[in-house]
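In UniProt numbering, the protein residues as written are 1 to 727.
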């Protein structure tokens with residue numbers, strides 16, 4: 001029954017010899033230590049031989065700590081991936097497949113073929129046959145297109161193991177077992193069909209046809225028939241004529257331009273031929289049925305039919321070529337074809353918008369609808385990774401069928417007009433009945449279009465969302481010059497949505513309630529609304545917004561305003577504090593008390609005292625100062641009916657003596673109420689408590705006896721110097 005937390009905390013000090021970031025928020029030191037220990041050993045940061053307790057040849061640090069690792073970060077040249085896929089770490093990889101939930105990539109650099117091969121093995125084991133549910137990528141200023149597409153594709157579960165995907169000379173064991181089970185099932189079906197055909201023939205019902213050759217029957221019984229038939233047709237593109245005579249005749253009658261496609265990828269063009277030639281769809285029905293129930297990309301090759309031709313081969317072939325061909329629009333035809341394959345062949349190509357126009361070459365090599373899909377992740381996050389038009393098309397096509405995806409975060413990717421390409425993929429995804437996507441967050445430096453237009457676009461495309469966050473730092477100077485072919489979203493109709501949380505950060509744009517109103521009307525289930533950095537074009541605008549919220553969103557529980565000048569909107573602020581439905585209100589850096597009088601502060605206090613539904617009041621960055629903080633203690637007086645639990649007064653120029661006076665006044669109110677008070681949390685970040693450390697410590701000690709206090713060791717003098725330096 002004794003806690004081991006102090007022991008693990010001491011182990012951290014002894015072994016790591018560093019101060020952990022955010023130590024106050026660490027709830028389990030055992031987990032924190034073992035995860036960090038694993039990562040440091042893996043990346044060579046921690047020298048095991050330097051500690052006598054660890055310097056034992058019988059002890060494997062990675063093997064010992066791997067069952068406790070739930071998140072792992074790989075960086076730079078992916079040395080960690082190479083180490084984990086080494087033969088002596090096979091058991092470590094097995095442990096990670098069961099324990100790892102979050103896989104992160106940070107500061108990646110271009111890598112060679114062998115390293116990428118190790119990464120393929122790692123992703124296949126941890127995602128396709130493991131428990132990883134989230135893939136996050138951070139800070140990749142000049143991404144390697146091949147490597148980025150590889151990670152995105154495998155995260156989406158789009159891969160074939162084939163002979164190319166081997167683990168130390170042998171096929172993936174889990175894939176082999178799955179394939180063996182499917183082969184047995186297929187062989188049984190083929191055998192039953194063979195017996196039925198033989199019975200018919202023996203009864204004289206099939207006398208007109210000739211019996212099949214013995215080797216053909218044998219191939220089908222052993223599960224080779226479907227693959228042999230399919231591969232023979234596919235290989236016909238390399239060695240004409242086609243085995244199927246009907247398809248050959250159709251090819252001579254119906255133009256289907258695949259000659260410009262790379263020879264290496266040409267076998268896959270059969271899917272395009274069948275889709276563009278009606279006669280082939282009719283005559284090649286037997287070919288389609290031969291693929292099997294699960295319609296795998298190409299069944300794993302067996303016997304003499306060894307021709308994987310999968311995405312693995314393509315990516316690594318491109319890697320051996322000039323990678324710049326994937327980015328250079330003036331590249332050769334071969335480079336364009338490879339580039340087009342990467343972006344367009346992963347699903348229905350994104351078309352119709354200037355941001356995502358398809359090239360003239362018809363790639364269409366492989367359709368996701370016909371491909372076997374491995375397990376995929378539910379969360380994808382891309383932070384500070386520039387996405388080109390080609391990469392956006394690839395992501396769009398992956399998104400179009402990524403039904404397991406629940407959370408999508410695209411942050412500072414320089415999307416611009418390519419945002420319409422992403423929307424195209426989301427539109428296709430929304431048509432899947434088993435789609436799980438519920439959270440979308442998009443943020444960037446420049447906005448290609450007004451924020452409200454983008455919000456309306458996304459909701460009109462994907463009304464099933466529960467959380468939508470759109471955030472931009474600056475307005476695009478060329479915003480008026482819309483790319484051709486992009487329809488304006490201003491008039492987009494929004495069906496009734498499932499939206500529960502909406503966050504909008506305006507790049508100093510005016511907040512027009514008339515533009516927001518259609519979104520609010522369509523979002524009857526809205527519970528949280530956050531508006532950031534918007535300007536109010538007129539004094540009546542905030543009042544109109546409050547009326548719209550009251551009328552359209554009766555279930556709204558949390559309302560937040562950040563970096564909006566509300567100094568002249570005292571009436572609306574008081575109306576919000578009176579709302580009987582709202583449970584959390586935030587006025588962050590809204591300059592509430594910039595030009596206010598003492599009467600306004602008293603009205604706020606009395607209003608909160610009468611509101612029994614308000615649970616959290618956040619007032620960071622509003623120049624409270626000492627005297628206003630002390631006055632706020634009256635919210636908890638004996639005659640108050642307030643249920644306020646949380647108060648945030650961060651960044652309010654509060655000094656130690658003011659905090660101590662607030663503490664004493666709060667103690668008095670609690671005594672008067674016989675200790676019956678619901679106040680539980682006080683946030684004090686970035687205040688001037690370092691000016692008198694002794695007084696501040698006394699105030700904090702007494703406060704912590706009444707509630708949970710969260711503060712930091714903030715250097716106010718340095719912060720003031722920084723403020724002066726940028727004025």
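From the three backbone atoms N, C-alpha and C, an ideal C-beta is built for every residue, glycine too.
Spatial neighbours of residue i within its chain, please: C-beta separation below 6 angstroms, excluding the five flanking residues on both sides.
i: residue 129; result: 174
i: residue 442; result: 410, 470
i: residue 642; result: 608, 609, 635
i: residue 710; result: 683
i: residue 89; result: none
i: residue 557; result: 527, 583
i: residue 373; result: 157
i: residue 425; result: 396, 399, 400
i: residue 161; result: Note that residue 161 scores a pLDDT of 49, beneath 50, so its modelled location is shaky and nothing firm can be said.
i: residue 673; result: 638
i: residue 645; result: 615, 678, 680
i: residue 716; result: 688, 690
i: residue 93; result: 84, 125
What does a CB cutoff of less than 8 angstroms around residue i pick up in its chain, not counting 5 residues either side in sequence?
i: residue 475; result: 446, 447, 507, 508, 509
i: residue 76; result: 107, 108, 109
i: residue 132; result: 100, 101, 102, 103, 126, 377
i: residue 667; result: 702, 706
i: residue 65; result: 34, 35, 37, 38, 41
i: residue 591; result: 565, 566, 567, 622, 623
i: residue 139; result: 106, 107, 383, 384, 385
i: residue 739; result: The structure shown does not extend to residue 739, since the chain spans only 1 to 727, so no value can be given for it.
i: residue 574; result: 603, 604, 607
What are the boundary residues of the beta strand (DSSP E) that residue i is part of?
i: residue 532; result: 528-532
i: residue 427; result: First-last for residue 427: 419-430, but that is the alpha helix (DSSP H), not the beta strand (DSSP E).
i: residue 681; result: 681-683
From the DSSP output, read off the bridge partner residues of residue i.
i: residue 733; result: The chain is shown only over 1 to 727; residue 733 falls outside these bounds and no answer can be derived.
i: residue 504; result: 470, 531
i: residue 381; result: 136, 409
i: residue 510; result: 535
i: residue 584; result: 558, 616
i: residue 71; result: 102
i: residue 717; result: In the DSSP output, where bridge partners are listed per residue, residue 717 has none listed.
i: residue 593; result: Partner(s): none; residue 593 has no beta bridge.
i: residue 373; result: 158
i: residue 108; result: 76
i: residue 447; result: 475
Can you tell me the Cβ-Cβ gap for residue i and residue j, rounded? I've got them flagged as a contact below 8 angstroms.
i: residue 20; j: residue 12; result: 7 angstroms
i: residue 622; j: residue 587; result: 6 angstroms
i: residue 633; j: residue 665; result: 4 angstroms
i: residue 576; j: residue 546; result: 7 angstroms
i: residue 155; j: residue 439; result: About 16 angstroms; that fails the 8 angstroms criterion.
i: residue 497; j: residue 517; result: At roughly 14 angstroms, the Cβ-Cβ gap does not stay under 8 angstroms, so residue 497 and residue 517 are not in contact.
i: residue 69; j: residue 96; result: 6 angstroms
i: residue 472; j: residue 444; result: 6 angstroms
i: residue 648; j: residue 618; result: 4 angstroms
i: residue 17; j: residue 26; result: 17 angstroms between Cβ atoms; not a contact.
Considering just the uninterrupted stretch of the alpha helix (DSSP H) at residue i, what are its terminal residues?
i: residue 711; result: First-last for residue 711: undefined, no H or E at that position.
i: residue 646; result: Element bounds for residue 646: not the alpha helix (DSSP H) but the beta strand (DSSP E), 646-648.
i: residue 606; result: 598-610
i: residue 8; result: 5-11
i: residue 61; result: 61-65
i: residue 29; result: 29-42
Please tell me whether residue i has its Cβ less than 7 angstroms away from any Cβ of chain D.
i: residue 394; result: In the structure shown, chain D cannot be found, because there is only a single protein chain.
Which residues in the same chain have their Cβ closer than 7 angstroms to the Cβ of residue i, if we skip the five residues on either side of it in sequence?
i: residue 82; result: 115, 118
i: residue 521; result: 552
i: residue 452; result: 515, 516
i: residue 80; result: 42, 43, 74
i: residue 662; result: 629, 630, 633
i: residue 541; result: 511, 513
i: residue 745; result: No information on residue 745 is available, as it lies outside the stretch 1 to 727 that the chain covers here.
Would you call the region 674-682 and the region 653-660 in contact, with 3 or more CB pairs under 8 angstroms?
no
Should the region 175-195 be regarded as contacting the region 146-157, the criterion being three or more beta carbon pairs within less than 8 angstroms?
no
Pairs of beta-carbons, one from the region 427-437 and one from the region 393-404, closer than 8 angstroms: are there three or more?
The region 427-437 and the region 393-404 touch, with no fewer than 3 CB-CB distances between them shorter than 8 angstroms.
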